[in-house]
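In the working numbering, the protein residues as written are -14 to 774.
One structure below.
Here is the structure:
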């Protein structure tokens, strides 16, 4: 006998009902805020005001029960035999109560009293397993015909805060009925409970079990009871908030593989845990996972896994039998099965098997169910210090915006991560309210509060100049004059899959020296950055390309197509790798022009680039480069040997000129449509310049980067490096003009957020509508006071 889930309700942090909880899961939205004490983060239910001196747990349960009954479409409370309605709730406490099934007490009793249910009610104390055990108890009551309708779930306010998890509050309830009775009465069914399994770890002697063995036993019992194969399950909702705890994964993998190499025709099942959205939630966590899985089954959607820690090694590699989803996916064709697990603190393990309705012709809101293929939806990482958001505030002057900044500084600690996202999206959608623009880059409530407070204290703003500080950009009537910088081979080499993988991936990319690989990769990253800047609406006034970056600049200026540039750079990189003199290299010295000339005097080393008034790059044979580096060190001059394979911009690549010249003959150049300052001549590229000759000369000529910078610094409000790394942005620091860099495919999202913030604050972007334009969000009122349980 299957049990029908006919109604669902959930009151959880940042989710006042089951639909909001489902939205949070689909959006990978997290309800965490800074903890009051004892933990890094916590998730609290907000917006409820129980009567004075009332216990909030029963109050929460009554509200959830009211929602669950209302959600039971087709169920008329006037036709319910209240003598046949039972209430079973998981509550925090001693797990012994789960085994005894004790007498009625405040939570279930409050629900029975509210609705006049006479079928009995009791609370189960089994920690995180409480609500799933309550559901299983309800299913047994229906199977044994001890009740015709059961409300089951759990409530927990997480008043204690163990160090090993982030606390969360909440209450969830499902309304259950025998599937046959629901079909007979024409009641909508979200999904059906097909089977369940319970086991315990611990004990002594021959029957003693480890936690993993007990969990595996519960899993096996559940699928035998459901008469279903584990391989039919497409979604496993786990106990662990990381969806990657060995306590969840190891038994599950054993269930699916039996210790053998994994093979499956329907694809690997997804794993996840709603705790990553709403916190630990104790006795309410199991029913929250059940609601999530049920809605996924009912709507044919595999929900994404919200990040909450590092991915477990059991999930790594293509051979892993389960997977984490970065975005929602359509449910595979065929019967829809999902599994939901929960574990108690003293070794009780529970698992539920749910599936779509076994009678496909049964009415669902008057319509037959449809199996539609849904495209994979885009998702975004939750806000964090590594993935910050931009908060844009504007007005006529500081007096106009200071109240907003002070309110943000005072209240940010009361906003969840989801609300931080809402606020950033809402502010970005507003057009500028005046000439003063304040852009805050923050990924946590603490960062937002500190930086908003720092902005509110500014009284020294200069008209027309951008103030740039870590995480904060303020501009008063700045003219928006932006100069782009396109990096050359000194930039790190990264792949798209390196993006967001942390400092280790960035460091590995910086070590790539093969010019045949480096030059195309660096230009591709710059072109990606250009595409993103175009999407934001940037119309830069000028650009400078360092060495190979000049070809990217020619694309930006309209002189050549992206296809032509990519082909040319691939050939250029290969030619220089094949024909450039081996055993040569480059060294960067923190020296003036006069010092650099003295360092190379009497050697075969030449000045290859002037990157600043006191930064020069020298090229030559490796022994001579090493000798010059030692000479510089002996004189107290910093010298860094660069990770390159050839002595670029020197006679040591002269053999590359002729074959590269042949490549240039296939390129049709157009006159520049934008201002590009050449680092070969130090002057703007003109309409009548021979661009092929310019690029040919570039192979041997020194890079006049600082000359080019000097041409535009006085008419630039912000330098923006478009591409991987921050090398050029650091080189322009002596100008006194602020600089940012996109750091494309970098270790985190900080650089991209700071770039957007700085561009908007300096007036380089008309607005920030494109920044978060396609993200789902909820209205956010910073002036509404929040009251938590």
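C-beta: ideal position from N, C-alpha, C; glycine also.
Bear in mind that the values here come from a model prediction, so they are computed numbers and not experimental data.
Q. Do you know offhand how far residue 768's Cα is from residue 27's?
A. Here residue 768 refers to the residue found at position 783 when the chain shown is read from its first residue. Here residue 27 refers to the residue found at position 42 when the chain shown is read from its first residue. Going by C-alpha positions, residue 768 is about 22 Å away from residue 27.
Q: From the DSSP output, in three-state form, read off residue 747 for me.
A: Along the chain shown, read from residue 1 onward, the residue named residue 747 stands at position 762. In the displayed model, residue 747 falls within coil according to three-state DSSP, outside both helix and strand.
Q: Taking residue 434 as the reference, give the member of 2, 127 and 19 with the closest Cα.
A: Taking the first residue of the chain shown as 1, we reach residue 434 at position 449. Closest by alpha carbon: 19.
Q: Given a cut-off of 8 Å, decide if residue 632 and residue 561 are closer than it, judged by their beta-carbon atoms.
A: Start at 1 with the first residue of the chain shown, and residue 561 comes out as number 576. Start at 1 with the first residue of the chain shown, and residue 632 comes out as number 647. For the pair residue 561 and residue 632, the CB atoms are not nearer than the 8 Å cut-off.
**Q.** Nearest to residue 56 (by Cα), restricted to the options 686, 160 and 601
**A.** The residue you call residue 56 lines up with position 71 of the chain shown. In terms of CA proximity to residue 56, 160 leads the group 686, 160 and 601.
**Q.** Inter-residue CB distance, residue 425 and residue 173 (contact presumed, cutoff 8 Å)
**A.** Along the chain shown, one-based indexing puts residue 425 at 440. Along the chain shown, one-based indexing puts residue 173 at 188. Contact doesn't hold; Cβ gap of about 46 Å is too wide.
Q.
Assuming contact is defined by CB atoms lying nearer than 8 Å, are residue -7 and residue 279 in contact in what I supplied?
A. Position 8 of the chain shown holds residue -7. Position 294 of the chain shown holds residue 279. In this structure, residue 279 lies closer than 8 Å to residue -7 by Cβ.
Q | Segment limits, alpha helix (DSSP H) that includes residue 406 | A | For the purposes of this step, residue 406 is identified with residue 421 of the chain shown, where counting begins at 1. For residue 406, the enclosing alpha helix (DSSP H) begins and ends at 402 to 414.
Q | Close-in-space but distant-in-sequence residues of the same chain around residue 723 (CB under 6 Å, 5 per side omitted) | A | In the chain shown, the residue the question calls residue 723 occupies position 738. Contacts found: 451, 453 and 703.
Q: List the endpoints of the continuous alpha helix (DSSP H) containing residue 208.
A: The residue labelled residue 208 in the question sits at position 223 within the chain shown. Counting along the chain, the alpha helix (DSSP H) containing residue 208 begins and ends at 196 to 210.
Q) What span of residues does the beta strand (DSSP E) with residue 596 cover, start to end? A) Along the chain shown, read from residue 1 onward, the residue named residue 596 stands at position 611. Residue 596 -> beta strand (DSSP E) spans 591 to 597.
Q | Residues bridged to residue 669 [DSSP beta-bridge criterion] | A | Along the chain shown, read from residue 1 onward, the residue named residue 669 stands at position 684. For residue 669, DSSP records a beta bridge to 662.
Q.
Relative to the C-alpha of residue 720, which candidate in 697, 749 and 712 has its C-alpha closest?
A. Within the chain shown, residue 720 is the residue found at index 735, counting from 1. Measuring from the Cα of residue 720, the nearest candidate turns out to be 697.
Q. Closest to residue 103 by CA distance: which of 236, 179, 135 and 112 is it?
A. Along the chain shown, read from residue 1 onward, the residue named residue 103 stands at position 118. The option with the nearest alpha carbon to residue 103 is 135.
Q: Report the residue from 30, 158 and 115 whose alpha carbon sits nearest the alpha carbon of residue 96.
A: For the purposes of this step, residue 96 is taken as the residue at position 111 of the chain shown. The candidate whose alpha carbon is nearest that of residue 96 is 158.
Q) Going along the chain, which residues of its own chain have a beta-carbon closer than 7 Å to the beta-carbon of residue 320, five neighbours each way excluded? A) What you label residue 320 is simply residue 335 of the chain shown in a count that begins at 1. Correct list, in chain order: 217, 340 and 341.
Q.
I'd like to know whether the C-beta atoms of residue 30 and residue -4 end up nearer to each other than 8 Å.
A. Start at 1 with the first residue of the chain shown, and residue 30 comes out as number 45. Start at 1 with the first residue of the chain shown, and residue -4 comes out as number 11. A distance below 8 Å separates the beta carbons of residue 30 and residue -4.
Q. Grouping DSSP H, G and I as helix and E and B as strand, with all else coil, what is residue -3?
A. To locate residue -3, count along the chain shown from 1; it is residue 12. Residue -3: strand per DSSP, three-state reduction.
Q. If you follow the beta strand (DSSP E) that residue 44 is part of, which residue opens it and which one closes it?
A. Working through the chain shown from its first residue, we reach residue 44 at position 59. Looking at the DSSP string, residue 44 is not in any beta strand (DSSP E); the run it does join, the alpha helix (DSSP H), is 41 to 56.
Q. In terms of alpha-carbon separation, which member of 764, 514 and 597 lies closest to residue 688?
A. Sequence index remark: in the chain shown, residue 688 carries index 703 (1-based). The shortest C-alpha to C-alpha distance from residue 688 to any of 764, 514 and 597 is the one to 597.
**Q.** Nearest to residue 671 (by Cα), restricted to the options 683, 654, 686 and 115
**A.** Residue numbering aside, residue 671 sits at position 686 when the chain shown is read from its first letter. When the alpha-carbon of residue 671 is set against those of 683, 654, 686 and 115, the nearest one is in 654.
**Q.** Inter-residue spacing [alpha-carbon to alpha-carbon] between residue 456 and residue 116
**A.** The sequence position of residue 456 within the chain shown is 471, counting from 1. The sequence position of residue 116 within the chain shown is 131, counting from 1. Straight-line Cα distance between these residues: approximately 43 Å.
Q: Quick one: residues in its chain with C-beta nearer than 7 Å to the C-beta of residue 409, no 5 flanking neighbours on either side, listed in chain order?
A: Taking the chain shown and counting its residues from 1, one reaches residue 409 at position 424. 374, 375, 376 and 757.
Q | Through-space distance from residue 667 to residue 700, alpha-carbon basis | A | Within the chain shown, residue 700 is the residue found at index 715, counting from 1. Within the chain shown, residue 667 is the residue found at index 682, counting from 1. Taking the CA atoms as reference points, residue 700 sits about 16 Å from residue 667.
(Q) So, with DSSP's three-state summary, where would you put residue 635? (A) Position 650 of the chain shown, counting from 1, holds the residue named residue 635. Per DSSP, reduced to three states, the secondary structure at residue 635 is coil, with no helix or strand assignment.
Q: Note down the Cα distance separating residue 224 from residue 328, rounded to an integer number of angstroms.
A: Taking the first residue of the chain shown as position 1, residue 224 is located at position 239. Taking the first residue of the chain shown as position 1, residue 328 is located at position 343. A straight line joining the alpha-carbon of residue 224 with that of residue 328 spans about 7 Å.
Q. Hey, residue 534 and residue 473: beta-carbon distance below 8 Å or not?
A. By 1-based counting over the chain shown, the position of residue 534 is 549. By 1-based counting over the chain shown, the position of residue 473 is 488. Going by C-beta atoms, residue 534 is nearer than 8 Å to residue 473.
**Q.** residue 513 beta carbon less than 8 Å from that of residue 746
**A.** Stepping through the chain shown from its first residue, residue 746 is reached at position 761. Stepping through the chain shown from its first residue, residue 513 is reached at position 528. Not a contact, by the Cβ cut-off of 8 Å.
Q: Can you have a look at residue 229 and say buried or exposed, based on whether 16 or more other CB atoms are within 10 angstroms of its CB?
A: Here residue 229 corresponds to residue number 244 of the chain shown, with the count starting at 1. With a pLDDT of only 44 at residue 229, under 50, the local geometry of the prediction cannot be trusted, and the value read off the model is given with reservation. Residue 229 comes out buried.
Q | Stretch-stretch touch, CB-based, cutoff 8 Å, three pairs: the segment 259 to 266 with the segment 66 to 76 | A | Contact fails between the segment 259 to 266 and the segment 66 to 76, because fewer than three Cβ pairs, one in each stretch, are under 8 Å apart.
Q. Based on the DSSP output, what are the partners of residue 71 in its beta bridges?
A. For the purposes of this step, residue 71 is identified with residue 86 of the chain shown, where counting begins at 1. Paired residues: 135.
(Q) Going residue by residue through the segment 556 to 621, where are the continuous beta strand (DSSP E) segments of at least 3 residues, counting only ones entirely within it? (A) Within the segment 556 to 621, the complete beta strand (DSSP E) runs of at least 3 residues are 569 to 574, 591 to 597 and 600 to 606.
Q: On a CA-only basis, which of 284, 333, 419 and 211 is nearest residue 119? Give me that one, please.
A: Within the chain shown, residue 119 is the residue found at index 134, counting from 1. Just measuring C-alpha positions, the residue of 284, 333, 419 and 211 sitting nearest residue 119 is 333.
Q: Identify every residue that forms a DSSP beta bridge with residue 468.
A: The sequence position of residue 468 within the chain shown is 483, counting from 1. DSSP output for residue 468 lists 527 and 704 as bridge partner(s).
(Q) Quick check: the Cα distance between residue 397 and residue 565, rounded to an integer number of angstroms? (A) The count along the chain shown starts at 1 and reaches residue 397 at position 412. The count along the chain shown starts at 1 and reaches residue 565 at position 580. Cα to Cα, the separation comes out at about 57 Å.
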